[in-house]
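For the sequence shown, the working numbering begins at 4 and goes up steadily by one. Report on the structure given below.
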Amino acid sequence: GAIMLDNKNHDKDRLLLAMLPHVVFDGWSLKSLAAGTRDLNGEVTQATLLFPRGMRDLAIHFGDYIDREMLTELDRIDMENLSVRERIGTSVLLRLRLLSPHKEAIRRLLSFLALPGNHPTSFKITMKTIELIT
């Protein structure tokens, strides 16, 4: 049920956050993922079970993680009294603020997503966020 999904998301979040500092040096790569896994001393489910499609799954999860953080923050704002333009503007600014600590990792992610085989992954991440914001 939902508890297992939450635990899986928790493990995915922990591994993603452990990996991000290594992405600065080694990009969105198995080397970064292995380093993040080592940092957690095996405290999460095996990375290949959490992210069977490797970096593509991690990229999607990073988008999902930031989306969830954004929604948590937006819940604290009275969006009902804002116009559509104000709601979108607030959401975009909030998202940018949440992304700002990860600037270099995002730069490396954009390079990864620009590779020809990764365009569908990039599109999927973008469309999910747009749906949440609008």
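By construction, the Cβ of each residue, glycine as well, lies at the ideal position given by its N, Cα and C atoms.
Cβ shell of Phe-28 (< 8 Å), same chain only, five flanking positions each side left out:
Once the five neighbours on either side are set aside, the close Cβ partners of Phe-28 are Ser-35.
Kindly indicate which three-state DSSP category Asp-14 falls into: helix, strand or coil?
Correct three-state label for Asp-14: helix.
By the 10 Å Cβ neighbour count, where 16 or more other Cβ atoms means buried, how is Arg-98 classified, buried or exposed?
That one is buried.
Starting from Asp-81, trace the alpha helix (DSSP H) in both directions and tell me its first and last residue.
Counting along the chain, Asp-81 falls outside any alpha helix (DSSP H), and DSSP gives it neither H nor E.
Is the number of C-beta pairs between the region 17-26 and the region 40-55 that are closer than 8 Å three or more?
Taking 8 Å as the limit for Cβ pairs, the verdict is that the region 40-55 does touch the region 17-26.
Am I right that Ala-62 and Leu-112 are in contact with their C-beta atoms under 8 Å? What's the rounded C-beta distance?
Between the beta-carbon of Ala-62 and that of Leu-112 there is about 6 Å, and that keeps the pair under the 8 Å contact cut.
Element boundaries [alpha helix (DSSP H), containing Gly-39]:
For Gly-39, the uninterrupted alpha helix (DSSP H) run begins and ends at 33-42, by DSSP.
Decide if the region 113-127 is in contact with the region 72-90; the criterion is three or more beta carbon pairs, one per stretch, under 8 Å apart.
Touching, no, given that fewer than three Cβ pairs across the two stretches are closer than 8 Å.
Apart from the five residues just before and just after Leu-102, which ones in its own chain have a Cβ nearer than 7 Å to its Cβ?
Excluding sequence neighbours, Leu-102 sits near Ile-69 and Ile-109.
Taking buried to mean at least 16 other C-beta atoms within 10 Å of its own C-beta, is Leu-53 buried or exposed?
With 16 or more Cβ atoms within 10 Å of its Cβ, Leu-53 is classed as buried.
Assuming Arg-110 is part of the alpha helix (DSSP H), what are its boundary residues?
For Arg-110, the enclosing alpha helix (DSSP H) begins and ends at 106-116.
Between Gly-66 and the rest of its own chain, which residues show a CB-CB distance below 6 Å, the 5 nearest in sequence each way excluded?
So the qualifying residues of the chain are Ile-128.
Could you check the C-alpha separation between Thr-124 and Ile-133 for me, to the nearest Å?
If I take the Cα positions, the gap works out to 14 Å.
Check Gly-92 in the structure and name its three-state DSSP category.
Correct three-state label for Gly-92: helix.
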